[in-house]
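In our numbering, the protein residues as written are 296 to 538.
C-beta atoms are modelled at their ideal positions from N, C-alpha and C, and glycine is treated no differently.
One structure below.
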(Lines of atoms letter the chains of each structure in order from A and count residues from 1; the text may use other names and numbers.)
(Lines give C-alpha, C1' and ligand atoms only; values in the text may rest on other atoms or scores of the structure.)
Protein backbone atom coordinates (compact mmCIF):
# COMPACT_ATOMS: atom_id res chain seq x y z
CA UNK A 1 0.00 0.00 0.00
CA UNK A 2 1.33 3.43 -0.96
CA UNK A 3 0.65 5.62 2.06
CA UNK A 4 1.59 9.25 1.37
CA UNK A 5 -0.04 11.16 4.23
CA UNK A 6 -0.56 10.27 7.88
CA UNK A 7 -3.19 12.10 9.92
CA UNK A 8 -2.73 12.22 13.68
CA UNK A 9 -5.16 12.86 16.47
CA UNK A 10 -3.53 15.19 19.03
CA UNK A 11 -4.82 14.72 22.57
CA UNK A 12 -4.24 11.32 24.20
CA UNK A 13 -2.28 10.29 21.09
CA UNK A 14 0.54 12.85 20.92
CA UNK A 15 -0.12 15.04 23.95
CA UNK A 16 -1.48 14.02 27.35
CA UNK A 17 -4.13 16.19 28.99
CA UNK A 18 -6.22 15.92 32.15
CA UNK A 19 -9.85 14.96 31.72
CA UNK A 20 -11.12 17.28 34.44
CA UNK A 21 -10.67 20.95 33.66
CA UNK A 22 -10.36 23.71 36.25
CA UNK A 23 -13.74 25.44 36.10
CA UNK A 24 -12.32 28.52 37.80
CA UNK A 25 -10.57 29.23 34.50
CA UNK A 26 -13.76 30.96 33.35
CA UNK A 27 -12.85 33.74 35.77
CA UNK A 28 -10.42 34.92 33.08
CA UNK A 29 -13.29 36.25 30.99
CA UNK A 30 -15.39 37.78 33.75
CA UNK A 31 -12.29 39.47 35.21
CA UNK A 32 -11.48 40.92 31.80
CA UNK A 33 -14.99 42.32 31.46
CA UNK A 34 -14.77 43.79 34.95
CA UNK A 35 -11.53 45.54 33.94
CA UNK A 36 -13.42 47.08 31.01
CA UNK A 37 -16.14 48.43 33.28
CA UNK A 38 -18.68 45.63 32.80
CA UNK A 39 -19.67 44.21 36.16
CA UNK A 40 -20.48 40.56 35.55
CA UNK A 41 -19.61 37.45 37.51
CA UNK A 42 -18.32 34.18 36.11
CA UNK A 43 -21.69 32.42 36.24
CA UNK A 44 -23.33 35.25 34.31
CA UNK A 45 -20.65 35.15 31.64
CA UNK A 46 -20.94 31.38 31.30
CA UNK A 47 -24.68 31.75 30.75
CA UNK A 48 -24.06 34.35 28.05
CA UNK A 49 -21.44 32.12 26.44
CA UNK A 50 -23.87 29.19 26.64
CA UNK A 51 -26.53 31.18 24.81
CA UNK A 52 -24.09 32.02 22.01
CA UNK A 53 -23.03 28.38 21.83
CA UNK A 54 -26.62 27.17 21.55
CA UNK A 55 -27.31 29.84 18.94
CA UNK A 56 -24.44 28.50 16.83
CA UNK A 57 -25.55 24.87 17.03
CA UNK A 58 -29.13 25.83 16.22
CA UNK A 59 -27.91 27.75 13.16
CA UNK A 60 -26.15 24.64 11.82
CA UNK A 61 -29.10 22.40 12.75
CA UNK A 62 -27.14 20.29 15.24
CA UNK A 63 -28.85 21.10 18.54
CA UNK A 64 -27.55 17.87 20.11
CA UNK A 65 -23.95 18.87 19.28
CA UNK A 66 -23.04 15.53 17.74
CA UNK A 67 -21.71 16.40 14.28
CA UNK A 68 -20.70 20.06 14.11
CA UNK A 69 -18.12 21.92 16.19
CA UNK A 70 -17.91 25.51 17.38
CA UNK A 71 -14.92 27.83 17.35
CA UNK A 72 -14.13 28.98 20.90
CA UNK A 73 -12.55 32.26 19.78
CA UNK A 74 -15.65 33.20 17.79
CA UNK A 75 -18.04 32.33 20.61
CA UNK A 76 -16.10 34.23 23.27
CA UNK A 77 -15.97 37.23 20.95
CA UNK A 78 -19.73 36.98 20.34
CA UNK A 79 -20.34 36.84 24.11
CA UNK A 80 -18.20 39.97 24.62
CA UNK A 81 -20.15 41.82 21.93
CA UNK A 82 -23.32 41.21 23.94
CA UNK A 83 -21.75 43.48 26.55
CA UNK A 84 -20.74 46.00 23.84
CA UNK A 85 -17.09 45.09 24.34
CA UNK A 86 -14.94 44.87 21.21
CA UNK A 87 -11.62 43.08 21.59
CA UNK A 88 -8.69 43.12 19.18
CA UNK A 89 -7.84 39.71 17.74
CA UNK A 90 -4.43 39.54 19.42
CA UNK A 91 -5.85 40.36 22.85
CA UNK A 92 -8.70 37.89 22.37
CA UNK A 93 -6.22 35.15 21.50
CA UNK A 94 -4.18 35.87 24.60
CA UNK A 95 -7.31 35.66 26.76
CA UNK A 96 -8.15 32.29 25.21
CA UNK A 97 -4.59 31.09 25.87
CA UNK A 98 -4.74 32.29 29.47
CA UNK A 99 -8.05 30.46 29.88
CA UNK A 100 -6.61 27.28 28.39
CA UNK A 101 -3.53 27.32 30.62
CA UNK A 102 -5.75 27.66 33.65
CA UNK A 103 -8.36 25.12 32.52
CA UNK A 104 -5.83 22.43 31.53
CA UNK A 105 -2.47 23.40 33.07
CA UNK A 106 -0.85 20.00 32.51
CA UNK A 107 -0.50 19.26 28.81
CA UNK A 108 2.58 17.15 28.12
CA UNK A 109 4.29 15.42 25.23
CA UNK A 110 3.81 11.67 25.35
CA UNK A 111 7.03 9.66 25.59
CA UNK A 112 8.44 8.54 22.25
CA UNK A 113 6.26 10.84 20.15
CA UNK A 114 8.93 13.36 19.13
CA UNK A 115 11.32 10.70 17.82
CA UNK A 116 8.45 8.94 16.07
CA UNK A 117 7.29 12.05 14.23
CA UNK A 118 10.84 12.97 13.30
CA UNK A 119 11.29 9.55 11.70
CA UNK A 120 7.94 9.51 9.91
CA UNK A 121 8.30 13.07 8.59
CA UNK A 122 11.27 11.95 6.50
CA UNK A 123 9.05 9.58 4.51
CA UNK A 124 5.45 10.82 4.79
CA UNK A 125 3.47 14.04 4.83
CA UNK A 126 2.16 14.49 8.38
CA UNK A 127 -1.01 16.34 9.32
CA UNK A 128 -3.06 16.80 12.46
CA UNK A 129 -6.70 15.77 12.26
CA UNK A 130 -8.00 16.62 15.69
CA UNK A 131 -11.24 17.32 17.52
CA UNK A 132 -9.81 20.43 19.11
CA UNK A 133 -9.72 24.21 19.25
CA UNK A 134 -7.12 25.32 16.74
CA UNK A 135 -5.68 28.37 18.47
CA UNK A 136 -4.51 26.82 21.70
CA UNK A 137 -3.87 23.34 20.26
CA UNK A 138 -1.43 24.75 17.72
CA UNK A 139 0.34 26.64 20.50
CA UNK A 140 0.58 23.47 22.57
CA UNK A 141 2.06 21.61 19.62
CA UNK A 142 4.61 24.39 19.20
CA UNK A 143 5.37 24.47 22.91
CA UNK A 144 5.96 20.71 22.91
CA UNK A 145 8.39 21.03 19.98
CA UNK A 146 6.52 18.80 17.52
CA UNK A 147 4.72 21.36 15.34
CA UNK A 148 7.78 21.38 13.09
CA UNK A 149 7.01 17.87 11.83
CA UNK A 150 3.57 18.70 10.43
CA UNK A 151 2.81 20.08 6.98
CA UNK A 152 -0.90 20.59 7.67
CA UNK A 153 -2.83 21.52 10.80
CA UNK A 154 -6.49 20.53 10.62
CA UNK A 155 -8.78 21.11 13.58
CA UNK A 156 -12.51 20.61 13.95
CA UNK A 157 -13.00 24.14 15.30
CA UNK A 158 -11.76 25.58 11.99
CA UNK A 159 -13.74 23.40 9.61
CA UNK A 160 -16.90 23.20 11.72
CA UNK A 161 -17.31 19.42 11.78
CA UNK A 162 -16.56 16.87 14.47
CA UNK A 163 -14.62 13.73 13.59
CA UNK A 164 -17.81 11.67 13.89
CA UNK A 165 -18.99 13.32 10.65
CA UNK A 166 -17.53 11.95 7.42
CA UNK A 167 -17.38 15.51 6.11
CA UNK A 168 -14.48 16.15 8.50
CA UNK A 169 -12.29 13.60 6.74
CA UNK A 170 -13.45 14.62 3.28
CA UNK A 171 -12.25 18.14 4.05
CA UNK A 172 -8.97 16.74 5.40
CA UNK A 173 -8.39 14.99 2.07
CA UNK A 174 -9.10 18.19 0.14
CA UNK A 175 -6.65 20.15 2.28
CA UNK A 176 -3.85 17.63 1.75
CA UNK A 177 -4.85 16.89 -1.86
CA UNK A 178 -4.90 13.13 -1.32
CA UNK A 179 -7.06 10.23 -2.38
CA UNK A 180 -8.47 8.29 0.62
CA UNK A 181 -6.38 5.19 -0.12
CA UNK A 182 -3.21 7.29 0.16
CA UNK A 183 -3.90 8.18 3.79
CA UNK A 184 -3.71 6.69 7.25
CA UNK A 185 -5.43 7.98 10.39
CA UNK A 186 -3.83 7.39 13.80
CA UNK A 187 -5.70 8.05 17.04
CA UNK A 188 -7.03 6.73 20.33
CA UNK A 189 -10.79 7.01 19.71
CA UNK A 190 -12.34 4.01 17.93
CA UNK A 191 -15.39 5.86 16.62
CA UNK A 192 -13.65 9.07 15.58
CA UNK A 193 -10.27 7.73 14.48
CA UNK A 194 -11.21 4.34 13.01
CA UNK A 195 -14.88 4.01 12.09
CA UNK A 196 -15.44 7.40 10.44
CA UNK A 197 -12.20 7.61 8.44
CA UNK A 198 -12.51 4.01 7.22
CA UNK A 199 -16.01 4.79 5.94
CA UNK A 200 -14.40 7.53 3.87
CA UNK A 201 -11.77 5.11 2.58
CA UNK A 202 -8.73 5.81 4.76
CA UNK A 203 -6.72 3.20 6.61
CA UNK A 204 -6.68 3.54 10.40
CA UNK A 205 -4.52 2.56 13.36
CA UNK A 206 -5.99 2.59 16.85
CA UNK A 207 -3.81 3.71 19.75
CA UNK A 208 -4.76 2.01 23.00
CA UNK A 209 -4.35 4.66 25.68
CA UNK A 210 -5.24 3.30 29.16
CA UNK A 211 -6.95 6.60 30.00
CA UNK A 212 -9.36 6.49 27.06
CA UNK A 213 -9.49 2.86 25.94
CA UNK A 214 -12.55 1.93 27.99
CA UNK A 215 -14.66 3.96 25.55
CA UNK A 216 -13.47 1.80 22.65
CA UNK A 217 -15.76 -1.12 21.88
CA UNK A 218 -14.51 -2.68 18.66
CA UNK A 219 -17.40 -3.40 16.31
CA UNK A 220 -17.70 -4.55 12.71
CA UNK A 221 -15.31 -1.87 11.45
CA UNK A 222 -11.84 -3.15 12.30
CA UNK A 223 -8.72 -0.98 12.61
CA UNK A 224 -5.87 -1.84 10.26
CA UNK A 225 -3.55 -1.94 13.22
CA UNK A 226 -3.63 -1.60 17.00
CA UNK A 227 -0.79 -0.27 19.16
CA UNK A 228 -0.53 0.27 22.88
CA UNK A 229 0.40 3.85 23.67
CA UNK A 230 3.65 2.80 25.34
CA UNK A 231 4.62 1.07 22.07
CA UNK A 232 3.81 4.01 19.81
CA UNK A 233 7.38 4.06 18.45
CA UNK A 234 6.56 0.80 16.64
CA UNK A 235 4.08 2.60 14.37
CA UNK A 236 6.46 2.56 11.35
CA UNK A 237 6.49 -1.25 11.47
CA UNK A 238 2.70 -1.36 11.69
CA UNK A 239 2.42 0.94 8.67
CA UNK A 240 4.67 -1.35 6.65
CA UNK A 241 2.45 -4.33 7.50
CA UNK A 242 -0.78 -2.68 6.34
CA UNK A 243 -2.00 -3.92 2.97
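Can residue i and residue j be called in contact, C-beta distance under 8 Å?
i, j, result
"residue 483", "residue 513", "no"
"residue 463", "residue 457", "yes"
"residue 439", "residue 365", "no"
"residue 474", "residue 488", "no"
"residue 467", "residue 302", "yes"
"residue 328", "residue 380", "yes"
"residue 432", "residue 450", "yes"
"residue 518", "residue 415", "no"
"residue 239", "residue 419", "With the chain running from 296 to 538 in the structure shown, residue 239 is simply not present."
Can you tell me which residues form a DSSP beta bridge with residue i?
i, result
"residue 520", "500"
"residue 527", "DSSP lists no partner for residue 527."
"residue 420", "300"
"residue 331", "Its beta-bridge partners do not exist; DSSP assigns none."
"residue 404", "310"
"residue 480", "302, 499"
Nearest to residue i by CA position, among the options, is which residue?
i, options, result
"residue 309", "427, 470, 390", "427"
"residue 396", "430, 332, 369, 341", "430"
"residue 304", "337, 479, 343", "479"
"residue 370", "398, 419, 399, 347", "347"
"residue 601", "534, 537, 535, 525", "The chain is shown only over 296 to 538; residue 601 falls outside these bounds and no answer can be derived."
In chain order, what residues of the same chain lie with their CB nearer than 8 Å to the CB of residue i, ignoring the 5 residues before and after it?
i, result
"residue 314", "506"
"residue 399", "312, 313, 316, 317"
Assuming the contact rule is C-beta atoms closer than 8 Å, residue i and residue j should be a hit. Round their C-beta distance to whole Å, please.
i, j, result
"residue 491", "residue 529", "So it is not a contact: roughly 24 Å between Cβ atoms."
"residue 435", "residue 402", "5 Å"
"residue 272", "residue 325", "With the chain running from 296 to 538 in the structure shown, residue 272 is simply not present."
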